Amino acid sequence: MKIDHSLPLEYSTEENRLKIFGFWIFLGAEIMLFATLFTSYFVYEHRSGNGPSGAEIFELSPVLMETILLLASSFTIGLGIHAMRLGKQKAMMAFFAVTLVLGLGFLGFEIFEFTTYIHEGAGITTSGFTSMLLTTLGTHGLHVTFGFFWGLAILLQVKKRGLTPETANKSFIFSLYWHFLDVVWIFIFSFIYLKGMM
Amino acid sequence: MKELFPIKQVMGFVFSLILTAVALLVYFLDMSFTAGITILLLTAFVQAGLQLVVFMHAGETEDKGAIYSNVYFGILVALVTIFGTLLIFLWDM
Numbered sequence: 016m017k018i019d020h021s022l023p024l025e026y027s028t029e030e031n032r033l034k035i036f037g038f039w040i041f042l043g044a045e046i047m048l049f050a051t052l053f054t055s056y057f058v059y060e061h062r063s064g065n066g067p068s069g070a071e072i073f074e075l076s077p078v079l080m081e082t083i084l085l086l087a088s089s090f091t092i093g094l095g096i097h098a099m100r101l102g103k104q105k106a107m108m109a110f111f112a113v114t115l116v117l118g119l120g121f122l123g124f125e126i127f128e129f130t131t132y133i134h135e136g137a138g139i140t141t142s143g144f145t146s147m148l149l150t151t152l153g154t155h156g157l158h159v160t161f162g163f164f165w166g167l168a169i170l171l172q173v174k175k176r177g178l179t180p181e182t183a184n185k186s187f188i189f190s191l192y193w194h195f196l197d198v199v200w201i202f203i204f205s206f207i208y209l210k211g212m213m
Numbered sequence: 016m017k018e019l020f021p022i023k024q025v026m027g028f029v030f031s032l033i034l035t036a037v038a039l040l041v042y043f044l045d046m047s048f049t050a051g052i053t054i055l056l057l058t059a060f061v062q063a064g065l066q067l068v069v070f071m072h073a074g075e076t077e078d079k080g081a082i083y084s085n086v087y088f089g090i091l092v093a094l095v096t097i098f099g100t101l102l103i104f105l106w107d108m
């Protein structure tokens, strides 16, 4: 294995570089996954039948909290990768841990939001609108949930093995995934919530 | 401690909070649908670009060209799918 020391650890081998590139290709497919969900959401947005409309059930404060938590977590994981590149394993692990806690906070608010919707009579089978709303939000939420456990596993591995080209590569790829979830959330925040409350 | 908070990323975070605040104007101010959507489109895409460049280090290696082509293609197909469908199903064209 040829290790190029002029590059950050996560890029230091050919395999590592290709893994990162491969993950970008995967993110391209993820863009399409969410694009199809957004498409269906926009089509059904105003077909709320006898159920509530977006303007009736959306509330700014939980949504704003979710947005700030996710934005902050995207920032802290970026700092984690920066610390990793400086070779500071402890700082990197601390930033990753903060990221995961913020992610959990996000999920807490989202679960609270979902139960509120159900109580207000906006279940997944209520109307075209609620069905696409909960599917789109739920797909994003599931990604965050998966990301939480993935990140936790990586954190444990870094603790056990230290920063190697392999663990650095995994951490970097995980950071790409996490930032991507934040990007998707920006679009959910803008074009589902804010557009719905406008 | 200071070296752990690179100015570029801190500014990126501050800027994304500002963009979020700007996007919130559509909620707090009374504006037309067109004006609101224009603001949202702008703030959302600038913020997404910010994440891509500042936090995801998209342009850092020799794969830069391929990574950006992949992302642009993804966005292109996404926009064609979304607006193509809107044209047919909602705008009756």
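Going down the list, the protein sequences come from chains A and B.
To convert a position in the first sequence, counted from 1, into the working numbering, add 15.
To convert a position in the second sequence, counted from 1, into the working numbering, add 15.
Where a beta carbon is used, it is the ideal one built from N, C-alpha and C, also for glycine.
This one's a predicted model, so the numbers in the text were calculated from it and none came from an experiment.
Query: With three or more C-beta pairs closer than 8 angstroms as the rule, is the region 110 to 123 of chain A touching the region 20 to 36 of chain B?; Result: no
Query: Could you spell out the range, first to last residue, of the alpha helix (DSSP H) harbouring E30(A)?; Result: 29 to 59
Query: What does the alpha-carbon distance come out to for the pair G162(A) and F124(A)?; Result: 16 angstroms
Query: Three-state secondary structure (DSSP) at K103(A)?; Result: coil
Query: Skipping 5 residues on each side, what residues in its chain have a beta carbon closer than 8 angstroms to that of L170(A)?; Result: M108, F111, A112, L115
Query: Which value, in whole angstroms, describes the spacing of the CA atoms of F144(A) and H134(A)?; Result: 16 angstroms
Query: G43(A): which of D107(B), T96(B), I90(B), L101(B) sits nearest, CA to CA?; Result: I90(B)
Query: Does the distance between the C-beta of F28(B) and the nearest non-hydrogen atom of the ligand MG fall short of 7 angstroms?; Result: Absence of the ligand MG from the depicted structure is noted, as is the absence of any ligand whatsoever, leaving it without description.
Query: Using only the alpha-carbon positions, how far apart do L167(A) and W193(A) sit?; Result: 13 angstroms
Query: Strictly below 8 angstroms CB to CB, what residues from chain A border I82(B)?; Result: F36, W39
Query: Cα separation between A50(A) and G99(B)?; Result: 12 angstroms
Query: Using beta carbons (cut-off 8 angstroms, strictly below), is T54(A) in contact with chain B?; Result: yes
Query: Mapping DSSP to helix, strand and coil, what is L19(B)?; Result: helix
Query: Going along chain B in order, which residues have a C-beta closer than 8 angstroms to the C-beta of T82(A)?; Result: T35
Query: Determine the chain A residues that contact G51(B) at a beta-carbon separation under 9 angstroms, and present them in chain order.; Result: L209, K210, M213
Query: If you draw a straight line from the C-alpha of S68(A) to the C-alpha of E30(A), how long is it?; Result: 49 angstroms
Query: State buried or exposed for D107(B), treating a residue as buried only when at least 16 other CB atoms are found within 10 Å of its CB.; Result: exposed
Query: Does S21(A) come within less than 8 angstroms of chain B when only Cβ atoms are used?; Result: no
Query: Listed from N- to C-terminal order along the chain, which residues in the region 118 to 132 of chain A have their beta-carbon within a distance smaller than 8 angstroms of any beta-carbon of chain B?; Result: none
Query: Is G102(A) buried or exposed, if buried means 16 or more other CB atoms sit within 10 Å of its CB?; Result: exposed
Query: Does L157(A) come out as helix, strand or coil in the three-state DSSP assignment?; Result: helix
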